[in-house]
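J.: Quick note on the numbering used here: the sequence shown kicks off at 44 and runs consecutively.
A virtual CB, placed ideally from N, CA and C, is assigned to each residue, including glycine.
Note that the structure is a prediction, hence the values are computed from the model and not measured.
Below you'll find the structure I mean.
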Amino acid sequence: MKIFSIAVVALTVALTLCPALAADPTASIPTEGKSNTLCPISGKPVNPAITMEYEKLTYSFADNDCRAKFKTSRESSLYQRLGGKAAIDASVEAFYVKVLADKRVNHFFEDINMNKQRRKQKEFLSAAFGGPIPWIGKDMRKAHANLPGLNETHFNAIAGHLKSTLEDLKVKKELIDEVMTIAGSVKDDVLNRPKAAR
Ligand code: HEM
């Protein structure tokens with residue numbers, strides 16, 4: 044019992060003194076004018092001299108290897124190939140215009156704060172497409188667990204609106220295919236059914 048108490052005290056002190064040990068997912072995300080304290084690649088405390096600008100935010104890294112890995116991931120990401128934040132934000136705005144005009148699915152959004160919903164969808168899709176900021180909202184199963192009657196027809200309608208939005212915006216077919224594969228990968232979770240065998 045005594046050993047347990049000592050361990051708890053030691054852990055509390057360590058978490059207080061060392062931010063790297065505290066499980067704060069936002070510590071690896073910079074905000075405007077404020078750099079991140081944990082490296083987005085290694086999770087270790089950053090060296091403030093090792094930085095990179097991306098979409099007007101300054102990311103700091105633990106070392107040069109992490110910086111190089113971050114740079115490569117950004118350059119190869121679907122997120123960047125789609126056009127980054129501006130392109131994804133514009134797509135989500137146009138997507139919800141279609142969703143809210145569609146009688147098959149718009150009743151699901153009747154009591155939903157659509158400003159919040161648009162923001163969350165932008166953040167989720169950005170992360171899912173390999174953007175620099177990880178998704179820290181609900182997982183897709185929990186997010187859709189309280190939508191009675193939600194079924195495959197609804198999912199396909201939503202997915203169809205995502206696809207036609209990107210087509211309207213003249214996104215290349217290969218990129219749309221990648222987006223739709225990612226959208227399809229959350230289908231079982233959104234519909235709260237067991238994951239299909241792969
Ligand atoms: C590709 C498929 C889908 C994706 C990527 C997606 C994504 C999301 C995200 C990111 C949220 C916010 C989660 C949070 O609060 O942290 C959300 C919530 C929601 N989604 Fe979806 N969704 C999908 C399919 C659907 C479908 C098919 C419907 C209904 C037709 C739907 C209706 C809703 C509603 C009503 C909410 C708000 C739930 C609440 O706040 O209680 N979604 N979705």
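1. Comparing C-alpha positions only, which one of Leu168, His204, Gln123 sits nearest to serine 228?
2. So is the beta-carbon of lysine 238 under 6 angstroms away from any non-hydrogen atom of the ligand HEM?
3. Tell me which residues share the same chain as methionine 183 and place their Cβ nearer than 6 angstroms to its Cβ, disregarding the 5 neighbours each side in the sequence.
4. Does the ligand HEM have a heavy atom nearer than 6 angstroms to the CB of histidine 197?
5. Is valine 229 close to the ligand HEM? I mean its beta-carbon at under 6 angstroms from any heavy atom of the ligand.
6. I'd like the span of the beta strand (DSSP E) that includes isoleucine 93, first residue to last.
7. Taking the C-alpha atoms as reference points, what is the distance between serine 207 and aspartate 106?
8. Using 8 angstroms as the Cβ pair cut-off and three pairs as the minimum, do the stretch 189-205 and the stretch 174-181 touch?
9. DSSP has threonine 101 in a bridge; who is on the other side?
10. Classify proline 73: buried if its beta carbon has 16 or more other beta carbons within 10 angstroms, exposed otherwise.
11. My guess is that asparagine 84 and lysine 128 are in contact by the Cβ rule of under 8 angstroms, so how many angstroms apart are they, rounded?
12. Please determine, among Arg147, Pro88, Gln123, the residue with the shortest C-alpha to C-alpha distance to cysteine 109.
13. Should glutamine 164 be listed as close to the ligand HEM, given that the test is whether its C-beta is under 6 angstroms from any heavy atom?
14. Report the three-state DSSP secondary structure of leucine 81 (helix, strand or coil).
15. Given 6 angstroms as the limit, tell me if alanine 144 has its C-beta closer than that to any heavy atom belonging to the ligand HEM.
16. Taking the alpha-carbon positions, what's the threonine 101 to threonine 69 distance?
T.: According to the structure shown:
1. Leu168
2. Placement of the Cβ of lysine 238 at a distance of 6 angstroms or more from every heavy atom of the ligand HEM is found.
3. Cβ neighbours of methionine 183 beyond the five flanking positions: Val229, Asp232, Val233.
4. yes
5. yes
6. Counting along the chain, the beta strand (DSSP E) containing isoleucine 93 begins and ends at 90-97.
7. 42 angstroms
8. With contact defined as three or more Cβ pairs closer than 8 angstroms, the stretch 189-205 and the stretch 174-181 are not in contact.
9. Glu96
10. Classification for proline 73: buried.
11. It is isoleucine, not asparagine, that sits at residue 84 in the sequence shown. In fact, because the Cβ distance is near 20 angstroms, the residues do not count as touching under 8 angstroms.
12. Pro88
13. yes
14. strand
15. Checking the Cβ of alanine 144 against the ligand HEM gives no.
16. 14 angstroms
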